[in-house]
Ligand SMILES: Cc1cc2nc3c(=O)[nH]c(=O)nc-3n(C[C@H](O)[C@H](O)[C@H](O)COP(=O)(O)O)c2cc1C
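Put into structure tokens, the structure is as follows:
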């Protein structure tokens, strides 16, 4: 009886401590909120970069992200918005911020892949849609005009890992015949799995050379990744 009471007390204390830690994290660790609501980021500050010299190489930075390809409601704060950031009132995707860092360091051109269809606002619904896309091997239609690839030697490809590989929209981009003779440098953001099969899949999907120098950035680290991106770019000489 005494033993049972003791256990009950321990569970109660543990529960209270856990609840207090979660509440404290939510209110006092700004970035911890990002799995529930978009968190603030100052794009100009987060993507302020040292210049990286790419020599004679002409660089195109291509990215895909949920922002701009999803139907976010006005009150996006009220939905499950893991991986979203906000610069004042403007939503910012992880891949978009990483791609902006690259562009600010190397110049050239920055291009965001746009899909014809829009993904759902809620993170979990997008995860389901992406699973269906993958299972049915859907050809995800892109909108807009792709950049003139013949002008570039080097493509930095920035994307989120979706189900352990590249999102369908990135697969569609990779099927362009004009990638022949270019080198792709993958910059991958993920929620814990790392690049998964994405790099091997890029190799299977496209005619470009794909570098082994891959940078992986955990989603919680994106806003503070300028140093890592800078080091990576410098190593690509
Ligand atoms: C449809 C979908 C599938 C995902 N699959 C994975 C996964 O397999 N492994 C992983 O670590 N993270 C996964 N994530 C998390 C994203 O890769 C991660 O949050 C990324 O930083 C989001 O970048 P974005 O803001 O540019 O979209 C997934 C996210 C979505 C929306």
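Residue numbers (my numbering): 86 to 322. From the three backbone atoms N, C-alpha and C, an ideal C-beta is built for every residue, glycine too.
Secondary structure at residue 251, three-state DSSP: helix, strand or coil? Three-state DSSP puts residue 251 in coil, outside helix and strand.
For residue 270, which of 290, 318 and 302 has the nearest alpha-carbon? If we check each option's Cα against that of residue 270, 318 comes out closest.
Going by CA-CA distance only, name the one from 103, 202, 301 and 236 that's closest to residue 180. For residue 180, the closest C-alpha among the options 103, 202, 301 and 236 is that of 301.
From which residue to which residue does the beta strand (DSSP E) around residue 316 run? From DSSP, residue 316 is part of no beta strand (DSSP E) but of the alpha helix (DSSP H) over 311-320.
Using a Cβ distance threshold of 8 angstroms, determine whether the stretch 290-308 contacts the stretch 194-212, with at least three qualifying pairs required. Proximity of the stretch 290-308 to the stretch 194-212 falls short of the contact definition, fewer than three beta-carbon pairs being nearer than 8 angstroms.
Member of 218, 130 and 288 whose CA lies at the smallest distance from the CA of residue 311: The candidate whose alpha carbon is nearest that of residue 311 is 130.
Just to check, is the beta-carbon of residue 282 closer than 7 angstroms to a non-hydrogen atom of ligand 1? No, ligand 1 has no heavy atom inside 7 angstroms of this Cβ.
Runs of alpha helix (DSSP H) lying entirely within the stretch 196-251, each at least 4 residues, in chain order: Entirely contained in the stretch 196-251, the alpha helix (DSSP H) runs reaching 4 residues are, in chain order, 208-220.
Own chain, CB closer than 8 angstroms to residue 278, minus 5 neighbours either side, in chain order: Contacts found: 246 and 249.
State the Cα-Cα distance for the pair residue 289 and residue 154, rounded to the nearest angstrom. If you take the alpha carbons of residue 289 and residue 154, they lie about 25 angstroms apart.
What is the DSSP secondary structure of residue 258, counted as helix, strand or coil? In this structure, residue 258 counts as helix in the three-state DSSP scheme.
Between 298, 142 and 125, which has its C-alpha nearest residue 235's C-alpha? Nearest C-alpha to residue 235 among 298, 142 and 125: 142.
Count Cβ pairs between the stretch 262-269 and the stretch 174-192 that sit closer than 8 angstroms; are there 3 or more? Output reads no: the stretch 174-192 does not touch the stretch 262-269.
My guess is that residue 144 and residue 193 are in contact by the Cβ rule of under 8 angstroms, so how many angstroms apart are they, rounded? Confirmed, Cβ separation roughly 4 angstroms.
Is it buried or exposed for residue 88, if we count other Cβ within 10 angstroms and need 16 for buried? In the assembly as shown, residue 88 is an exposed residue. Its beta-carbon has fewer than 16 other beta-carbons within 10 Å.
With DSSP as the reference, identify every bridge partner of residue 275, one or two as the case may be. Looking at the DSSP assignment, residue 275 forms a beta bridge with 303.
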